[in-house]
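Letter 17 of the sequence shown, counting from 1, is numbered 168 in this note's numbering, and no numbers are missing. Cβ atoms here follow ideal geometry from the backbone N, Cα and C, with glycine treated the same way. Values in this document were obtained by computation on a predicted structure and should not be read as measured data.
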Amino acid sequence: MQVSFQGVLKFIIPSSIGVLMFLTPIFVDGRATIGMGILVDLLRDATQDYLPAFATLLLLVSCVCSIYFSLFKKNKSDIPINQLQQIFTTSPVWLMLRILGSFFAVLVLFDIGPEWISSPATGGTMLFQLAGTLSVFFLVACFLLPFLIDYGIAEFMGTLLQKPFLWAFRLPGRASIDTLASWLGSAPVGVLITIQQYEKGYYSGREAAVIVTNFSIASIAFCALVAKLIEIDHRFFEFYFSIIFSGMIAALIVPRVWPLARKKDVYLVEQDGFTDKPETGTSLFRWALIQAVNKAQKAPDLKTLFKNAV
152 MQVSFQGVLK
162 FIIPSSIGVL
172 MFLTPIFVDG
182 RATIGMGILV
192 DLLRDATQDY
202 LPAFATLLLL
212 VSCVCSIYFS
222 LFKKNKSDIP
232 INQLQQIFTT
242 SPVWLMLRIL
252 GSFFAVLVLF
262 DIGPEWISSP
272 ATGGTMLFQL
282 AGTLSVFFLV
292 ACFLLPFLID
302 YGIAEFMGTL
312 LQKPFLWAFR
322 LPGRASIDTL
332 ASWLGSAPVG
342 VLITIQQYEK
352 GYYSGREAAV
362 IVTNFSIASI
372 AFCALVAKLI
382 EIDHRFFEFY
392 FSIIFSGMIA
402 ALIVPRVWPL
412 ARKKDVYLVE
422 QDGFTDKPET
432 GTSLFRWALI
442 QAVNKAQKAP
452 DLKTLFKNAV
């Protein structure tokens, strides 16, 4: 099977952007971060005064849309027929939580209600410190994550690392991307990648649970912060290596014991035919490249990518 030069470029260029944004540690002013973290910080600093109101607006929109699609526009077959229905159709419990969340956000934003709701130590912390920052984080991640998971790098690494990952962690090789994103980038990014891969049928429920409980734990940025707080930042690399080493030992054991070992390999949807086993007469590296290029060829163009992100 031949691969075109244009196909290889479509795999390499977007994937390189994804690797640079999520998997490449960058030290800025002595602080470890990633490319996406820098973008999040810049956008957050530029919009700091508007973030609480923006987060409240998002919660209100989510609340109104969830009420509409869950109560008044619910499909009789209970199967969402478009993307908006898929996002906002939810269970009664989650619908109530969204209503309460938006209600409390309004109270905190306008400093209404009892102290235990709007106090800076309670609701104020959630809205003015966390909600705004998380809104920016997920906004940036929605636009950048496709470069890491939709243009072939997961297929490429998954094929090359299929055997060692299956033997060591009982996971497919493509889980290496989640591992690197969590350890070198950001643990929440690793969780987002795992969720998207599970929803697309690349991971079973057991595999997704193993990844988020064993690898999406401590990022390099968080470890650097802890090292600075306990005043051992001058020995950061030894400190971080010890965390990775102990984490890997735990990841070798935990998937083989209860409760993860008892979870069934049930997929949410059918896979798209990806296989990490090379054809007869094809080298492992070439087969990895073929799988990566095939995935990149099916990836959306930039216009569709940004539309899907929005």
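- For the pair Ile394 and Ala369, the CB atoms are nearer than the 8 Å cut-off.
- Collapsing the DSSP output to three states places Arg357 in a helix.
- 8 Å or more divides the Cβ of Ala450 from the Cβ of Leu311.
- In this structure, the alpha-carbon of Lys458 lies about 13 Å from that of Leu290.
- Leaving aside the five residues that flank Arg386 on each side, the residues in its chain whose CB is nearer than 8 Å to its CB run, in chain order, Ala378.
- Between Gln157 and Gln448, the alpha-carbon positions lie close to 9 Å from each other.
- If the five residues before and after Lys314 are omitted, its C-beta is found closer than 8 Å to the C-beta atoms of Gly324, all from its own chain and listed in chain order.
- For the options Gly181, Thr284, Phe279 and Leu299, the alpha carbon positioned closest to that of Lys161 is the one of Leu299.
- Using a Cβ-Cβ distance cut-off of 8 Å, the segment 334-350 and the segment 403-410 are not in contact, since fewer than three pairs of beta carbons, one from each stretch, lie closer than that value.
- Closest option to Thr284, judged by alpha-carbon separation, among Val191, Cys293, Ser355 and Leu208: Val191.
- Of the other Cβ atoms in all chains shown, 16 or more fall within 10 Å of the Cβ of Leu260; this residue is therefore buried.
- When secondary structure is reduced to three states using DSSP, Val363 falls in the helix class.
- Per DSSP, the continuous alpha helix (DSSP H) segment holding Val291 begins and ends at Gly283 to Ile300.
- Assigned with DSSP and collapsed to three states, Ile394 falls in helix.
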